[in-house]
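Undergrad: Please see the structure below; I have some questions.
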Amino acid sequence: MSETPKASPILYTRGITKRFMGVTALDNVDIEVYPGEIVTLIGPNGSGKSTLFNCITGYIKPDSGNTYFKGHNITNLRPDQIVLKGLARTFQEVRVFSSLSVLDNLMLVAQQHQEDNLFHRFFRTPRIRRYEAEAREKAEELIEMVGLTRLRDEPSGNLSYGQRKLIEFISALISEPDMIMLDEPAAAVNPTMIERMKNYILTLNKAGKTFLLVEHNMDVVMEISHRVIALDIGRKIAEGLPAEIQQNVEVQEAYFGR
Amino acid sequence: MNRFLAWRVPLSYVAGLAFMLILPQLFTTRYAHSVLVLAGIFIIFALSYDISVGHVGTVHLAAPAFFGLGAYVTALIGVPLQLNFILNLVLSAAVMALFALIVGVPSFRLSNVTFTIGTLAFATACLQVVNSAVDLTRGPMCVQRIPRPTFMLPFIGNFRVVSALNYYYLLIPLVLLTIVVYRAMTKSRIGRAFAAVRDDEVLASASGVYPLRYKMLAFIVGAAIAGALGSFQAQYLTVICPTELGADYTTRLLIIIFVGGVGSLTGLILGAVTFTVLPELLRGLGNIEIAPSYQMIVFGLILLLVIKYAPGGLGELWTKFWGLVQRPFKRKTPVDSAGGES
Numbered sequence: 014m015s016e017t018p019k020a021s022p023i024l025y026t027r028g029i030t031k032r033f034m035g036v037t038a039l040d041n042v043d044i045e046v047y048p049g050e051i052v053t054l055i056g057p058n059g060s061g062k063s064t065l066f067n068c069i070t071g072y073i074k075p076d077s078g079n080t081y082f083k084g085h086n087i088t089n090l091r092p093d094q095i096v097l098k099g100l101a102r103t104f105q106e107v108r109v110f111s112s113l114s115v116l117d118n119l120m121l122v123a124q125q126h127q128e129d130n131l132f133h134r135f136f137r138t139p140r141i142r143r144y145e146a147e148a149r150e151k152a153e154e155l156i157e158m159v160g161l162t163r164l165r166d167e168p169s170g171n172l173s174y175g176q177r178k179l180i181e182f183i184s185a186l187i188s189e190p191d192m193i194m195l196d197e198p199a200a201a202v203n204p205t206m207i208e209r210m211k212n213y214i215l216t217l218n219k220a221g222k223t224f225l226l227v228e229h230n231m232d233v234v235m236e237i238s239h240r241v242i243a244l245d246i247g248r249k250i251a252e253g254l255p256a257e258i259q260q261n262v263e264v265q266e267a268y269f270g271r
Numbered sequence: 564m565n566r567f568l569a570w571r572v573p574l575s576y577v578a579g580l581a582f583m584l585i586l587p588q589l590f591t592t593r594y595a596h597s598v599l600v601l602a603g604i605f606i607i608f609a610l611s612y613d614i615s616v617g618h619v620g621t622v623h624l625a626a627p628a629f630f631g632l633g634a635y636v637t638a639l640i641g642v643p644l645q646l647n648f649i650l651n652l653v654l655s656a657a658v659m660a661l662f663a664l665i666v667g668v669p670s671f672r673l674s675n676v677t678f679t680i681g682t683l684a685f686a687t688a689c690l691q692v693v694n695s696a697v698d699l700t701r702g703p704m705c706v707q708r709i710p711r712p713t714f715m716l717p718f719i720g721n722f723r724v725v726s727a728l729n730y731y732y733l734l735i736p737l738v739l740l741t742i743v744v745y746r747a748m749t750k751s752r753i754g755r756a757f758a759a760v761r762d763d764e765v766l767a768s769a770s771g772v773y774p775l776r777y778k779m780l781a782f783i784v785g786a787a788i789a790g791a792l793g794s795f796q797a798q799y800l801t802v803i804c805p806t807e808l809g810a811d812y813t814t815r816l817l818i819i820i821f822v823g824g825v826g827s828l829t830g831l832i833l834g835a836v837t838f839t840v841l842p843e844l845l846r847g848l849g850n851i852e853i854a855p856s857y858q859m860i861v862f863g864l865i866l867l868l869v870i871k872y873a874p875g876g877l878g879e880l881w882t883k884f885w886g887l888v889q890r891p892f893k894r895k896t897p898v899d900s901a902g903g904e905s
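Top line first, the protein sequences correspond to chains S and Z. Residue 14 is where the first sequence starts when you use our numbering, and the numbers rise one by one after that. Residue 564 is where the second sequence starts when you use our numbering, and the numbers rise one by one after that.
In structure tokens, the structure reads:
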């Protein structure tokens with residue numbers, strides 16, 4: 014793996030194991046993601062990609078093993094604590110706060126990263142107004158980036174699937190995380206949207222963001238990934254450059270059988 | 564933003580206050596004044612309950628427990644300590660906030676429906692304890708002779724609150740304070756976080772919001788307000804019975820909230836007024852006496868009509884009405900919407 018940067022990984026897991034009622038969903042999984050990389054997890058359905066995502070982001074507690082992010086053990090933190098450490102994520106089934114407007118969806122996330130003080134909040138001191146203005150400015154900038162300015166005040170539940178997917182994506186960006194985990198960013202959207210998603214990811218990556226993706230669309234995987242990790246029935250079966258993984262016999266067997 | 568809209572909120576406060584001050588001059592009987600006090604009580608009660616139910620989306624059934632126990636805190640602790648009116652309210656609020664904290668920690672471990680039933684169990688247990696602990700609470704014989712509030716006023720000297728009208732004017736600042744707290748809790752940052760928890764807890768977590776923190780916040784603030792209101796009730800009725808913890812309140816609150824409009828300040832006020840004044844109007848409509856059991860039929864009918872024709876409640880109708888009135892003044896849509904203030 015000549016392209017692997019020399020720096021220490023921004024995120025790594027050691028021996029993550031998770032069983033659901035006797036079924037082993039993850040079996041001793043070690044992965045590393047280095048700063049500035051785009052790494053993609055692939056594998057057939059039920060191979061444990063989503064479970065691994067949920068273990069890393071605190072939604073599922075692994076039976077054993079640990080996750081380290083920026084040198085800290087985050088295994089036992091709650092999801093909200095992990096995102097505040099700079100590790101943002103999206104969901105496979107697109108999630109937005111449907112009763113909140115597009116703008117409020119984004120401002121909500123931005124505000125969680127601002128200093129909090131009940132006194133200031135309650136009396137709406139100038140500091141709170143400034144924070145509110147900052148959050149709004151950031152939100153409007155990102156909404157403009159994905160071209161949804163016209164729908165800014167619309168309840169996000171009224172938006173189309175693709176639009177909601179964009180909102181979820183920029184919601185993950187607004188906190189300026191060090192690393193972003195996207196669960197199937199190219200799933201169930203039209204080819205134009207896939208192109209746009211790809212471009213956003215590549216642009217942000219050039220600007221220094223690290224990505225860990227789960228993706229089924231192999232064209233996208235091959236095009237944007239620096240490195241691919243393949244899972245099958247809860248084990249890591251291969252890891253390497255996209256082209257290497259494409260040729261890997263074990264990966265092909267996992268997908269198509271012997 | 565349009566100037567008219569920027570001043571809308573303070574203007575509506577002034578208008579509302581003026582309206583509340585004038586009301587007892589329009590309806591001058593003592594009976595009318597007691598109905599007004601009742602309406603005020605239910606406005607505060609509904610707002611305190613709606614922070615949890617409407618904004619965070621946790622339906623709990625413990626509101627009458629906090630209200631009734633708040634009344635008993637005044638009757639059994641405040642009175643022997645000879646606390647004044649305001650200290651009684653503060654004491655009841657503080658004790659009920661603590662209570663909510665203790666009850667909330669295990670209750671919120673339960674998921675949705677189980678949580679609701681769990682809080683009902685808590686409320687029922689409280690009622691039974693108050694009913695049975697005769698040595699402490701005198702049980703169904705009620706605690707009597709709770710002193711009426713007295714204030715030291717300049718020029719007048721000691722002023723004792725006696726008539727329903729006195730109590731009405733005493734209640735107005737409390738209603739306003741509750742509205743201010745309600746608005747502060749349900750707008751901007753906290754309001755957005757509340758709505759986030761209500762819409763999708765999983766996504767809220769991924770956005771850096773800890774759902775339990777906001778559920779607890781709403782639960783505790785609601786309990787504190789209900790407790791203080793119970794203290795007012797004790798000092799208003801001067802008699803407190805276990806029925807103050809009864810589930811009748813829950814039914815009434817739920818009707819007010821759902822007919823008024825979940826999460827809507829205007830709607831809740833309209834709902835609370837409707838369901839305190841309407842039964843009184845129905846009681847003696849012209850010369851036809853309508854029996855209380857027929858009242859429930861009218862309530863049911865209203866509930867049905869609202870669900871059919873205005874699922875957002877009276878609050879939604881009100882907003883639509885104002886939207887039509889304001890249209891000529893509007894240039895741009897205001898963008899300060901948060902939790903669902905309307």
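Glycine included, each C-beta is placed from N, C-alpha and C at the ideal position. As the structure is a prediction and not an experimental result, all values here were calculated from the model.
Evaluate S/Val234 with the Cβ neighbour count: other Cβ atoms within 10 Å of its Cβ, from every protein chain shown; 16 or more gives buried, anything less gives exposed.
TA: Buried.
Undergrad: Please report the residue range of the alpha helix (DSSP H) in which S/Tyr72 lies.
TA: Segment: none, S/Tyr72 is in no alpha helix (DSSP H) and carries neither H nor E.
Undergrad: Does DSSP classify Z/Asp762 as helix, strand or coil?
TA: In this structure, Z/Asp762 counts as helix in the three-state DSSP scheme.
Undergrad: Figure out for me which residue from S/Ile246, S/Tyr174, S/Phe224 has the closest Cα to the Cα of S/Leu186.
TA: Of S/Ile246, S/Tyr174, S/Phe224, the residue nearest in Cα terms is S/Phe224.
Undergrad: Let me make sure I understand the geometry here. Which of Z/Asp763, Z/Ala638, Z/Leu828 has the alpha-carbon closest to that of Z/Gly790?
TA: That would be Z/Ala638, whose Cα lies nearest to the Cα of Z/Gly790.
Undergrad: Taking only beta carbons into account, state which residues of the stretch 40–63 of chain S come closer than 9 Å to chain Z, listed in chain order.
TA: So the list is empty, because no residue satisfies the distance condition.
Undergrad: Any idea what DSSP makes of S/Val202, helix, strand or coil?
TA: Coil.
Undergrad: Please state if the CB of Z/Ile783 and the CB of Z/Ala663 are separated by a distance shorter than 8 Å.
TA: Cβ distance < 8 Å, so Z/Ala663 and Z/Ile783 count as in contact.
Undergrad: Check the DSSP bridge columns for S/Asn86 and list the partner residues they point to.
TA: Paired residue(s): S/Tyr81.
Undergrad: Give the residues of chain Z in contact with S/Phe66, contact being defined as C-beta atoms less than 7 Å apart.
TA: Those within 7 Å of S/Phe66 in chain Z number zero; the least Cβ separation is about 11 Å.
Undergrad: For Z/Glu807 and Z/Val706, I'd like the C-alpha separation in whole angstroms.
TA: Approximately 12 Å, taken between the alpha carbons.
Undergrad: Counting contacts by CB-CB distance shorter than 8 Å, is Z/Tyr773 in contact with chain S?
TA: Yes, contact with chain S.
Undergrad: Starting from the beta carbon of S/His126, find every residue of chain Z whose beta carbon is closer than 9 Å, and list them in chain order.
TA: Near S/His126 (Cβ distances below 9 Å), the residues of chain Z are Gly771.
Undergrad: Just to confirm my understanding: we take Z/Glu879, look at its own chain, exclude 5 residues before and 5 after, and list those with CB closer than 6 Å. What are they?
TA: Gly824, Ala873, listed in sequence order.
Undergrad: Our contact map puts S/Val241 next to S/Asp196 with C-beta atoms below 8 Å; I'd like the distance itself, whole angstroms only.
TA: No, S/Val241 and S/Asp196 are not in contact; Cβ-Cβ is about 16 Å, not under 8 Å.
Undergrad: Using the Cβ count rule (16 or more neighbours within 10 Å means buried), how would you classify Z/Ser794?
TA: When all chains shown are included, Z/Ser794 counts as buried.
Undergrad: Do you know offhand how far S/Ile10's Cα is from S/Leu90's?
TA: Residue coverage of chain S in this structure runs from 14 to 271, which leaves residue 10 of chain S outside it and unanswerable.
Undergrad: Whose Cβ in chain S lies nearer than 9 Å to the Cβ of Z/Ala758?
TA: Simply Phe110, Ser112, Leu113, Asp117, Leu121.
Undergrad: Please specify which runs of the beta strand (DSSP E), each continuous and at least 3 residues long, are wholly inside the stretch 753–809 of chain Z, giving them in chain order.
TA: Here no run is fully enclosed.
Undergrad: Locate the beta strand (DSSP E) running through S/Val287, then write down its first and last residues.
TA: Residue 287 of chain S is absent from the model: chain S starts at 14 and stops at 271.
Undergrad: With the cut-off set at 8 Å, would you say Z/Val724 and Z/Tyr730 are in Cβ contact?
TA: Contact: yes.
Undergrad: Is any beta-carbon of chain Z found at less than 8 Å from that of S/Val227?
TA: No, its Cβ sits nowhere closer than 8 Å to a Cβ of chain Z.
Undergrad: Is there a Cβ from chain S that is less than 8 Å from the Cβ of Z/Asp763?
TA: Closer than 8 Å to some Cβ of chain S, the Cβ of Z/Asp763 qualifies, so yes.
Undergrad: Let me check understanding here. Comparing Cα to Cα, which of Z/Ile870, Z/Gly830, Z/Leu775, Z/Thr682 lies closest to Z/Ala626?
TA: For Z/Ala626, the nearest C-alpha among the options comes from Z/Thr682.
Undergrad: I'd like to confirm the pairing. Which residues does DSSP put opposite S/Gly253 in its beta bridges?
TA: Answer is S/Val241, bridged to S/Gly253.
Undergrad: Pair every Cβ in the stretch 812–826 of chain Z with every Cβ in the stretch 708–725 of chain Z, then say whether three or more of these pairs are closer than 8 Å.
TA: The answer is no - the stretch 708–725 of chain Z does not touch the stretch 812–826 of chain Z, with fewer than three Cβ pairs under 8 Å.
Undergrad: Counting along the chain, where does the beta strand (DSSP E) carrying Z/Asn721 start and finish?
TA: Taken as a continuous stretch (DSSP letters only), the beta strand (DSSP E) holding Z/Asn721 covers 720–723.
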